[in-house]
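Chains A and B are the protein sequences, given in the same order. Heads up: the first sequence begins at 1 in our numbering, then just goes up one per residue. Heads up: the second sequence begins at 187 in our numbering, then just goes up one per residue. See below for the structure under consideration.
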Amino acid sequence: MQSDDLQAFEEFFQTYQRPVYLTALAITRDPFLAEEILQDCFVKAYRVRHRLRTDVSPLPWLQRVCTNLCYSRLSRRRALLEPLTDLIGNLAPDLSAGPDQVVESREIVEVLQRGIDALPPKQQTAIILYYLHGYSLAEAAEIAGCQVGTMKSRIHYALRALRVLLPVERRARLPRRARLADERRT
Amino acid sequence: MDCRRVARELIEFFRFGELDARSAPHLEHLEVCLACRQEVGLDRELVLQMQRALAARVDGHAPSPGAWLEIRRRALEEERPGWRQRLVPLSRLALVGGTAIVLLALVAPSGLSPFDVQPELVYGEPTWQNFEEAASGELMDPYAGRWWLRYATQAPHALATGSLATVDPWERLVTPSPRSSGLVH
Numbered sequence: 001m002q003s004d005d006l007q008a009f010e011e012f013f014q015t016y017q018r019p020v021y022l023t024a025l026a027i028t029r030d031p032f033l034a035e036e037i038l039q040d041c042f043v044k045a046y047r048v049r050h051r052l053r054t055d056v057s058p059l060p061w062l063q064r065v066c067t068n069l070c071y072s073r074l075s076r077r078r079a080l081l082e083p084l085t086d087l088i089g090n091l092a093p094d095l096s097a098g099p100d101q102v103v104e105s106r107e108i109v110e111v112l113q114r115g116i117d118a119l120p121p122k123q124q125t126a127i128i129l130y131y132l133h134g135y136s137l138a139e140a141a142e143i144a145g146c147q148v149g150t151m152k153s154r155i156h157y158a159l160r161a162l163r164v165l166l167p168v169e170r171r172a173r174l175p176r177r178a179r180l181a182d183e184r185r186t
Numbered sequence: 187m188d189c190r191r192v193a194r195e196l197i198e199f200f201r202f203g204e205l206d207a208r209s210a211p212h213l214e215h216l217e218v219c220l221a222c223r224q225e226v227g228l229d230r231e232l233v234l235q236m237q238r239a240l241a242a243r244v245d246g247h248a249p250s251p252g253a254w255l256e257i258r259r260r261a262l263e264e265e266r267p268g269w270r271q272r273l274v275p276l277s278r279l280a281l282v283g284g285t286a287i288v289l290l291a292l293v294a295p296s297g298l299s300p301f302d303v304q305p306e307l308v309y310g311e312p313t314w315q316n317f318e319e320a321a322s323g324e325l326m327d328p329y330a331g332r333w334w335l336r337y338a339t340q341a342p343h344a345l346a347t348g349s350l351a352t353v354d355p356w357e358r359l360v361t362p363s364p365r366s367s368g369l370v371h
């Protein structure tokens, strides 16, 4: 897609719009903002259409532009979010309720949503690319512009941070440092 | 086999789809170790719940049909040059024009070049005032005498008459005579 023909660009848009939009929505959780980012992303693509390579998929490039746009838009908003540590501190008493008050799966999902929001951008992008889109480690690493090992590491740290949000009785074998943090809170 | 190591490696195998023949000892250990089963099971559950959480973020959403129209409008708008883009050629033209004038002035024939002004021409040709000042011996302009001198020695002289007949810096009085040739000696 290197011609000036807008029709060709429309086909390009129809092909790649959904994954890009889903990434923006998963990061921002705001459909209107996600659509704005989608538009910005494709306007950028139109601007550099003569330089886009035709021998490789443009999706990694589009996804990278999309994630960059998301975090630049969210940078102000993110400052208002609670830091992850505070979030954990606030949630811990509720989650450590007795076994009779079993936390429903929906509630866990909601807790995890907030936990995902509070992750550092690189870790958040890593789990969205790997677990939401189902990209391979190599593909996710290409999109994020890092090594496969780095991508693994980001996923590992993201899951470790989220695991702390699970109810206490379900994370009995947490690493020692996390257990100590729990004891200090209770 | 060390429980911590088994659990850590198995979790990674599961997470990144790397279970293969090398995982057999780990899986054997898992069958007999409840703690490791819980550990790996917890991680599996976390991943499952996280995938649900991520899916819940995007389920039922899609870009609006107007998205393409907006992108098309913005793309077309970007292709139309704005007032700044229109000013750029004008400024370039002005720059090129200015450079051309300077170059022309530098390479032009000496008589035409504005930089080729001879110092003595600054003062111009002698004026009547120069003559009068020279005659009175009160040169207002220190260069005026020089001009007068140059004029008197180099210019083709006509017969000096009237008050000019007495004007001679060397005090050579030229007396008008009907027989004189009119040249100053």
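Beta carbons are placed, not taken as given, at the ideal position from N, Cα and C, and that holds for glycine. The model shown is predicted, which means the values in this text are computed figures rather than measured ones.
Reduced DSSP category for residue i - H, G, I as helix; E, B as strand; rest coil
| i | result |
| --- | --- |
| Phe-199(B) | helix |
| Ser-277(B) | helix |
| Tyr-135(A) | coil |
| Ala-247(A) | Because chain A in this structure spans residues 1 to 186, residue 247(A) falls outside the shown range and cannot be described. |
| Val-48(A) | coil |
| Arg-190(B) | helix |
| Leu-345(B) | Reliability fails at Leu-345(B), whose pLDDT of 48 lies under 50, so the model's placement of it is uncertain and the value that follows must be treated cautiously. Leu-345(B): coil per DSSP, three-state reduction. |
| Thr-125(A) | helix |
| Leu-166(A) | coil |
| Leu-69(A) | helix |
| Leu-91(A) | Low confidence applies here, because Leu-91(A) scores a pLDDT of 41, under 50, leaving its location unreliable and the question unanswered by this model. |
| Pro-83(A) | Note that Pro-83(A) has pLDDT 46, beneath the 50 cutoff, so the model's placement of it is unreliable and no number is given. |
| Leu-119(A) | coil |
| Arg-160(A) | helix |
| Asp-40(A) | helix |
| Ala-294(B) | coil |
| Thr-28(A) | helix |
| Pro-60(A) | helix |
| Arg-18(A) | helix |
| Gln-7(A) | helix |
| Arg-53(A) | coil |
| Gly-284(B) | helix |
Do the segment 109-117 of chain A and the segment 134-150 of chain A touch if we need at least three Cβ pairs shorter than 8 Å? no
Using a beta-carbon distance cut-off of less than 8 Å, what residues from the segment 247-271 of chain B approach chain A? His-247, Ala-248, Pro-249, Ser-250, Ala-253, Trp-254, Glu-256, Ile-257, Arg-258, Arg-260, Ala-261, Leu-262, Glu-264
Counting Cβ pairs closer than 8 Å, one from the segment 27-38 of chain A and one from the segment 53-63 of chain A, do we hit at least three? no
If you pair each beta-carbon of the segment 233-253 of chain B with each one of the segment 207-217 of chain B, do three or more pairs fall below 8 Å? no
Cβ pair count under 8 Å reaching 3, the segment 253-264 of chain B against the segment 122-132 of chain A: no
Does the segment 188-197 of chain B come close enough to the segment 218-236 of chain B to have 3 or more Cβ pairs within less than 8 Å? yes
Anything in the segment 4-26 of chain A with a Cβ closer than 8 Å to a Cβ of chain B? List those residues in chain order, please. Leu-6, Phe-9, Glu-10, Phe-13, Gln-14, Gln-17, Arg-18, Tyr-21, Leu-22, Leu-25, Ala-26
Ignoring anything shorter than 4 residues or poking outside the segment 196-273 of chain B, list the alpha helix (DSSP H) runs there in chain order. 210-218, 220-244, 252-265
Quick one, which residues of the segment 139-156 of chain A are near chain B if we go by CB-CB under 9 Å, in chain order? Lys-152, Ile-155, His-156
Could you say if the segment 44-59 of chain A and the segment 8-24 of chain A meet the contact criterion of at least three C-beta pairs nearer than 8 Å? yes
Chain B contacts made by the segment 27-58 of chain A, where a contact means CB separation under 8 Å: Arg-29, Pro-31, Ala-34, Glu-35, Leu-38, Gln-39, Phe-42, Val-43, Tyr-46, Arg-47
Could you please tell me which residues of the segment 224-250 of chain B, in chain order, have their CB closer than 9 Å to any CB of chain A? Gln-224, Glu-225, Leu-228, Asp-229, Glu-231, Leu-232, Val-233, Gln-235, Met-236, Gln-237, Arg-238, Ala-239, Leu-240, Ala-241, Ala-242, Arg-243, Val-244, His-247, Ala-248, Pro-249, Ser-250
Which of the residues in the segment 204-215 of chain B, read from start to end, lie with their CB under 9 Å from any CB of chain A? none
Touch check for the segment 279-298 of chain B and the segment 64-73 of chain A: three-plus C-beta pairs under 8 Å? no
For the segment 152-159 of chain A against the segment 228-239 of chain B, are there 3 or more C-beta pairs whose distance is under 8 Å? yes
Contact list for the segment 123-139 of chain A against chain B, Cβ threshold 8 Å: Ile-127, Ile-128, Tyr-131, Leu-132, Leu-137
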